[in-house]
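Heads up: the structure comes next, in structure tokens.
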Amino acid sequence: MEEQTGSTTAQDPRQMAILKAAFEAFSSYGFRRTSMEDIARGAGMSRAALYLHYRNKEDIFRSLTQFYYDDAVAQVQAVLARDLPAGAALEQAFAAQAGQSFEALLSSPHGDELLDTKYAHGADIARAGEARLVAVYADWLRRQEVAGRISLDVGAGDAATLAATMMAALHGLKSPMPTPDAYRAGAAMLARVFAQALMPR
Numbered sequence: 031m032e033e034q035t036g037s038t039t040a041q042d043p044r045q046m047a048i049l050k051a052a053f054e055a056f057s058s059y060g061f062r063r064t065s066m067e068d069i070a071r072g073a074g075m076s077r078a079a080l081y082l083h084y085r086n087k088e089d090i091f092r093s094l095t096q097f098y099y100d101d102a103v104a105q106v107q108a109v110l111a112r113d114l115p116a117g118a119a120l121e122q123a124f125a126a127q128a129g130q131s132f133e134a135l136l137s138s139p140h141g142d143e144l145l146d147t148k149y150a151h152g153a154d155i156a157r158a159g160e161a162r163l164v165a166v167y168a169d170w171l172r173r174q175e176v177a178g179r180i181s182l183d184v185g186a187g188d189a190a191t192l193a194a195t196m197m198a199a200l201h202g203l204k205s206p207m208p209t210p211d212a213y214r215a216g217a218a219m220l221a222r223v224f225a226q227a228l229m230p231r
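Under my numbering, residues 31 to 231 are what the sequence shown spells out, in order.
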């Protein structure tokens, strides 16, 4: 699990230890089979100490989901702030959005269960996180159009709709659950397709 230095959680070593231990346990055993004892042991603390931070494993999973989206937004913003051609910018942004955590999830035998758990216990966080990512991509699209580097004609000039379409296409790569290599290749292909469609005519 990547550590976002700007987040409140990343600045708290105990919180980071808990989330890292939880991510490893969920990836190894699945959400249903993971116990608070497993997480406490992985974090190097007692179960009683763990309960001082989190009520249950659902609460921990929600924090993990929030951490993922906070990090994804920051990473994508950092990539899109660089002066890169559209194709390279999108390819790197899509890779940054997935990050090491998502690749680890794809490698886990419990990946499908964990994705289902995200929507069962963190649907509101996921919706808000996806909306934040769409806004980041939409802002980049508008700035690129103003600079004359791309055209939004393919989306009738609607940057938000184009950004949402990008996100939907990335989601489509997750079903059925791909290998990390297959996901990376698919995301890179999507970046090239969108970049080609955005080229000024």
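Each residue gets a CB set at the ideal place from its N, CA and C atoms; glycine is no exception.
Query: Helix, strand or coil at Ser5 according to DSSP, with G and I counted as helix; Result: For the chain, the structure presents residues 31 to 231; residue 5 sits outside this window and is missing.
Query: CB of Ala104 within 8 Å of CB of Gln174, strictly; Result: no
Query: Selected residue, minimal CA-CA separation from Gly227, among Leu120, Ala78, Asp154; Result: Just to set this straight, residue 227 is Ala in the shown sequence, not Gly. For Ala227, the nearest C-alpha among the options comes from Leu120.
Query: Unbroken alpha helix (DSSP H) run spanning Ile48, endpoints; Result: 43–59
Query: Beta-carbon gap between Gln127 and Ala102 smaller than 8 Å; Result: yes
Query: Three-pair Cβ contact test at 8 Å for the stretch 137–152 versus the stretch 197–210; Result: yes
Query: Met219 in three-state terms, based on DSSP; Result: helix
Query: Residue closest to Asp211, alpha-carbon to alpha-carbon, out of Tyr81, Ala47, Phe132, Ile90; Result: Phe132
Query: From Glu54, Arg231, Leu94, Met197, residue whose alpha carbon lies closest to that of Leu220; Result: Met197
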